[in-house]
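Peer 1:
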Amino acid sequence: GAVVSQHPSWVICKSGTSVKIECRSLDFQATTMFWYRQFPKQSLMLMATSNEGSKATYEQGVEKDKFLINHASLTLSTLTVTSAHPEDSSFYICSARYGGSSNQPQHFGDGTRLSIL
Amino acid sequence: QQQVKQSPQSLIVQKGGISIINCAYENTAFDYFPWYQQFPGKGPALLIAIRPDVSEKKEGRFTISFNKSAKQFSLHIMDSQPGDSATYFCAAVYSGNTPLVFGKGTRLSVIA
């Protein structure tokens, strides 16, 4: 159980285009979803936290107009990288949690490798 | 300020040996401490977790030891196998709808 599906797993696109990444919780309702960015050989960097039906809360230094997050349902959250540039190339990982207790673990998707040419 | 400090950064262990990864935290409000395993190109997968009212938790070859007074916890991998070669992250979280705070990770290589 507790499967989080992320799509696409890999995307290459030209500079200036927008890219949408989907994150779905397949067998549980995700009260909260988190989006992370990971650079090679580094830890996960939290970008934003989103609760279903509410606006996402962005971490300091993350441009909310650049990284649009939508959490429209309890099983789906999307991250749209708008007008992507080469410096946005990275590994993006979503995570989902059921409930508001710290006891509920965060489950992660398999990530999306984004390459901007 | 790094709230969860993890060491070592990298670790090489012989097959069959014991791998030990240590973490220390500062925020006493943390009340849940999971460990995640990440293979290259994949997302982190929950390995094992512990709450501070327990000093040790074992699941198969994986054991968490927790020292509340020292604010430290560690992961022990017994009988380490080449398939255990991955990056391991300790994490901590406190009550409420807050995100995990991750350590910087340990790259484990188990050699035959």
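Protein sequence lines correspond, in order, to chains A and Z. For the first sequence, my numbering assigns the number 15 to the initial residue and increments by one for each residue that follows. For the second sequence, my numbering assigns the number 10 to the initial residue and increments by one for each residue that follows. Don't be surprised by glycine CBs; every beta carbon is placed ideally from N, CA and C. These numbers come from a predicted model, not from an experiment.
Tell me which residues of the region 68 to 102 of chain Z have at least one Cβ-Cβ distance to chain A shorter than 7 Å, keeping chain order.
Peer 2: F98 and V102
Peer 1: The beta strand (DSSP E) with N36 of chain Z in it runs from where to where?
Peer 2: Residue mapping note: residue 36 of chain Z aligns to position 27 of the second sequence, counting from 1. Going by DSSP, N36 of chain Z is part of no beta strand (DSSP E) at all; its letter is neither H nor E.
Peer 1: Would T37 of chain Z be called buried (16 or more neighbouring beta carbons within 10 Å of its own) or exposed?
Peer 2: Translated into positions along the second sequence, residue 37 of chain Z becomes position 28. So T37 of chain Z ends up on the exposed side.
Peer 1: Show which residues of chain A have a CB atom less than 9 Å away from the CB atom of N36 of chain Z.
Peer 2: One-based indexing of the second sequence puts residue 36 of chain Z at position 27. Near N36 of chain Z there are no residues of chain A at all, since even the closest Cβ is about 12 Å away, more than 9 Å.
Peer 1: I'd like the ranges of any beta strand (DSSP E) spanning at least 3 consecutive residues and lying wholly in the region 78 to 109 of chain Z.
Peer 2: Taking only runs of at least 3 residues, the beta strand (DSSP E) segments lying wholly in the region 78 to 109 of chain Z are 81 to 86 and 95 to 103.
Peer 1: For E36 of chain A, collect the residues of the same chain with a Cβ closer than 6 Å to its Cβ; drop the 5 residues on either side in sequence, then sort them by chain order.
Peer 2: Sequence index remark: in the first sequence, residue 36 of chain A carries index 22 (1-based). Within the same chain, E36 of chain A has close Cβ partners H21 and T92.
Peer 1: Kindly indicate if chain A contains any beta-carbon less than 7 Å away from that of K3 of chain Z.
Peer 2: The first residue shown for chain Z is 10 and the last is 121, placing residue 3 of chain Z beyond what the model contains.
Peer 1: Name the residues in the region 57 to 82 of chain A whose C-beta lies less than 8 Å from a C-beta of chain Z; which are they?
Peer 2: Within the region 57 to 82 of chain A, the residues whose Cβ lies closer than 8 Å to some Cβ of chain Z are S57, L58, L60, T63 and N65, listed in chain order.
Peer 1: Please classify V122 of chain Z as buried or exposed, where buried requires at least 16 other C-beta atoms within 10 Å of its C-beta.
Peer 2: Nothing can be reported for residue 122 of chain Z, as the shown portion of chain Z is limited to 10 through 121.
Peer 1: From Z:S16, Z:Q12, Z:G25 and Z:K51, pick the residue whose C-alpha is nearest to that of Y106 of chain A; which is it?
Peer 2: Working through the first sequence from its first residue, we reach residue 106 of chain A at position 92. Among Z:S16, Z:Q12, Z:G25 and Z:K51, the Cα nearest to that of Y106 of chain A is on Z:K51.
Peer 1: Whose C-beta lies closer than 7 Å to the C-beta of A121 of chain Z among residues of the same chain, with five residues either side of it excluded?
Peer 2: Indexing the second sequence from 1 puts residue 121 of chain Z at position 112. Cβ neighbours of A121 of chain Z beyond the five flanking positions: K24 and P91.
Peer 1: Note down, in chain order, all residues in the region 46 to 64 of chain Z with a beta-carbon under 8 Å from any beta-carbon belonging to chain A.
Peer 2: G50, K51, G52, P53, A54, L55, A58 and R60
Peer 1: Can you give me, in chain order, the residues of the region 22 to 49 of chain A that have a beta carbon less than 7 Å from any beta carbon in chain Z?
Peer 2: T46 and F48
Peer 1: So, at 8 Å on beta carbons, what are the nonlocal neighbours of K80 of chain A in its own chain, with the 5 sequence-adjacent residues on each side left out?
Peer 2: As a first step, residue 80 of chain A must be located in the first sequence, where it is residue number 66. V95, T96, S97 and D102, listed in sequence order.
Peer 1: Can you name the residues of chain A whose CB is closer than 9 Å to the CB of P43 of chain Z?
Peer 2: In the second sequence, counting from the first residue as 1, residue 43 of chain Z sits at position 34. Simply P119 and Q120.
Peer 1: Just the chain A side, please: which residues come within less than 7 Å of G114 of chain Z by C-beta, in chain order?
Peer 2: As a position in the second sequence, residue 114 of chain Z is number 105, starting the count at 1. The contacting residues are S57.
Peer 1: In terms of residue numbering, what span does the beta strand (DSSP E) encompassing L55 of chain Z cover?
Peer 2: Working through the second sequence from its first residue, we reach residue 55 of chain Z at position 46. That run of the beta strand (DSSP E) goes A54 to I59.
Peer 1: Of all the beta strand (DSSP E) runs that stay within the bounds of the region 47 to 103 of chain A, which reach a length of 3 or more residues?
Peer 2: 58 to 65, 81 to 87 and 90 to 95
Peer 1: Could you pull the start and end residues of the beta strand (DSSP E) that I73 of chain Z belongs to?
Peer 2: Translated into positions along the second sequence, residue 73 of chain Z becomes position 64. The continuous beta strand (DSSP E) containing I73 of chain Z extends over residues F71 to N76.
Peer 1: If you drop the 5 nearest sequence neighbours on each side, which residues of the same chain put their C-beta closer than 8 Å to that of R51 of chain A?
Peer 2: Against the first sequence, residue 51 of chain A aligns to sequence position 37. Excluding sequence neighbours, R51 of chain A sits near L58, M59, M61, S104, F105, Y106 and I107.
Peer 1: Going straight from the alpha carbon of I53 of chain Z to that of K69 of chain A, what length do you get?
Peer 2: If you number the second sequence from 1, residue 53 of chain Z lands on position 44. If you number the first sequence from 1, residue 69 of chain A lands on position 55. Looking at the sequence shown, residue 53 of chain Z is not Ile but Pro. When rounded, the distance between both Cα atoms is 25 Å.
Peer 1: Helix, strand or coil for S129 of chain A, going by three-state DSSP, please let me know.
Peer 2: By 1-based counting over the first sequence, the position of residue 129 of chain A is 115. Looking at S129 of chain A - three-state DSSP - the assignment turns out to be strand.
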